[in-house]
Amino acid sequence: MILELIGIILGSLVGAYIVFSIIILAVGGITRYRWSFNKILNITLTFTIIFAIFWGDYWGLSPDQTIIRYVPAIIVIYLFERRRLLTMKCPQCKERIKTNATKCKHCQSILFEQTS
Ligand SMILES: [Zn+2]
């Protein structure tokens, strides 16, 4: 029972992550990353949920089962990717700050613009 549940959770996370990654690359590629990551992520979230519902149908799951299994997994991945793509660690105090910040909100140190 527990093992089955872990299997469902892990399977949903891996499946949702693969679909999410493919869609984020597709959306980013089509727009050549000219859009902000915020916009790309929001579009990816929408497409991934729509895709998951059709995908669930393909695997013989009802829309209800798909929503229970995949939608929470997609939202977890969305929040994780959002945190990863839109934030970085302050080089001085190691607290998380926005990628485009010029001043750290935690330690007040001035940050130099990243060259890459
Ligand atoms: Zn700092």
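One rule links them: number in our numbering = place in the sequence shown (from 1) + 620.
Glycine included, C-beta positions come from ideal geometry on N, C-alpha and C.
Could you tell me which residues DSSP puts in a beta bridge with residue i?
i	result
Met708	Ile717
Should residue i and residue j be called a contact, given that it needs their Cβ atoms to be closer than 8 Å?
i	j	result
Phe657	Leu731	no
Asn687	Thr668	Here residue 687 turns out to be Ile, not Asn, going by the sequence shown. Not closer than 8 Å, so no.
Ala636	Tyr690	yes
Ile694	Pro683	no
Val647	Phe671	no
Thr707	Lys725	no
Kindly examine ligand 1 and report whether one of its heavy atoms sits closer than 7 Å to the Cβ of residue i.
i	result
Ser729	yes
Glu715	yes
Gln685	no
Among the options, which one has its Cα closest to the Cα of residue i?
i	options	result
Lys709	Ser729, Ile650, Thr664	Ser729
Lys714	Thr722, Arg703, Cys727	Cys727
Ser641	Thr664, Phe674, Leu681, Leu699	Thr664
Leu630	Lys723, Glu701, Val696	Val696
When DSSP labels each residue in this structure, what does residue i get in the three-state scheme?
i	result
Lys725	coil
Ile730	strand
Trp675	helix
Arg702	helix
Ser632	helix
Leu665	helix
Ser736	Because Ser736 sits at a pLDDT of 48, beneath the cut-off of 50, its placement in the model cannot be relied upon, and the following sentence gives the value as read from the coordinates. Residue state, collapsed to three classes: coil.
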